[in-house]
Structure formats: structure tokens, C-alpha cells
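Read through the structure below, which is laid out as C-alpha cells, and then see the notes.
Numbering (this note's numbering), first residue to last: -8 to 196.
Have a look at this one:
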């Protein structure tokens, strides 16, 4: 399981490779992310061979194969990709971004997939994070309602966080979370799908 993520930063803010002054190395510490390393880095040179050497030097210094930045393109992207890096671009650096990267990698590697579409949440790590693709579930099993898929889990399972991919937040779920003192954060992707993160936190969108 992936546990470490490198982030390109400038003054503590996520940056492009060209603007980067420091690479922060984060590690999942069982529910939160901690900085376990700081690596000063500036992209050296303007010629193609100089850029290649600079990026390859960075690759050798990193003991992870996941990297986040505001933008990575051109020669640096191809070098990192060839070195086996999973590359993620985002505007802001946060624990939620790191969580989402971890989830994306788990999904892409099949760690939260099975031959049959899961009919309820399934664990994505050993710290209590779970995931359910409600969209795929209801496409495969239209007879299974969101309530049937989720209520037993909410009633019986202790969890740190549940990530739910859906097209809308079911009204019953909003009431259920309120009754159980659960909160959520909702993010919308470019296709209009919602990633709902349910935990013991305040609800925000």
C-alpha cells in the first residue's frame, strides 16, 4: 500500500516544477499526514540535457513514486513517468488532496476493486477508510437502493472515513449523518459526480 507522497512546493505552497524550491515528503500516519522529509530543489539549467539531469537527480533522491505539483509537463513529466511515478496536479496542498491521491492510486491498482461490483463499502486501508462507488453499484444492481447499501454499514461499522462516489447526496443520508453526528465534505468533479467524504467532521461543500 502506498504510504508516501512527494509534493513540489514554494514557500509551503504547492508549485510547478519550475517554481519549486523545496520538495516535501509526506507519510500517512494512520489517519493524518505528517512531513517526514524536506528536500531543497530547484530545476537547474534551461537546455534539455540540463533539465533531464536535474529531474533525474531528484528521482534518485526520492524514496517514493508518487508526486504532486501544480503543474508538471514536457521533459520532466516524461522522465518522472518513465521512472514509474504516479503524477498528480492540483491547485492546493492539503490532507484531503493527499487522501484523494491515495484513493485514486488504490482504485487504479485494483486495491478497492473486485471482479464483482461491491454491494457495500469496502476498506481501502487498515486505518479505517472505506469506499463505495454508488454510481457503479446502482448501474449494476438497480434493485439495491443507497439506503440498502449504506445503512447497515453506518449502523454497524466503526470507521474513520467513508468516501462515497455518487451523482447526488441522498436525502435520507443527510438526515442519517445528522442523527449520528457525522459530517461530510463534498467535492464535484468535471463530470458532475460527487465525492462525498463522511467522517466525524463538519459538513461543507
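Glycine residues also receive a C-beta, built at the ideal position from the N, C-alpha and C atoms.
- Contact between the region 174 to 183 and the region 145 to 152 is absent, with fewer than three C-beta pairs closer than 8 Å.
- As DSSP reads the structure, residue 188 sits in a beta bridge with 154, 176.
- Burial state of residue 4 is exposed, judged by a 10 Å Cβ sphere holding fewer than 16 other Cβ atoms.
- Inside the region 8 to 70, DSSP marks whole alpha helix (DSSP H) runs of 4 or more residues at positions 39 to 52, from first to last along the chain.
- Closest in alpha carbon position to residue 176, among 30, 91, 69, is 91.
- Nearest to residue 42 by alpha-carbon distance, out of 70, 139, 156, 126, is 70.
- Ranked by how close their Cα comes to the Cα of residue 50, the residues 38, 61, 39, 34 have 34 in first place.
- Put simply, of 85, 82, 113 the residue whose alpha carbon is nearest the alpha carbon of residue 97 is 113.
- Put simply, the region -6 to 11 touches the region 54 to 73. At least three CB pairs are less than 8 Å apart.
- Nearest Cα to residue 178 within the set 159, 169, 168, 166: 159.
- Under the three-state reduction of DSSP output, residue -6 falls in the coil class, being neither helix nor strand.
- Per DSSP, residue 82 has no beta-bridge partner at all.
- Nearest C-alpha to residue 37 among 140, 45, 141: 45.
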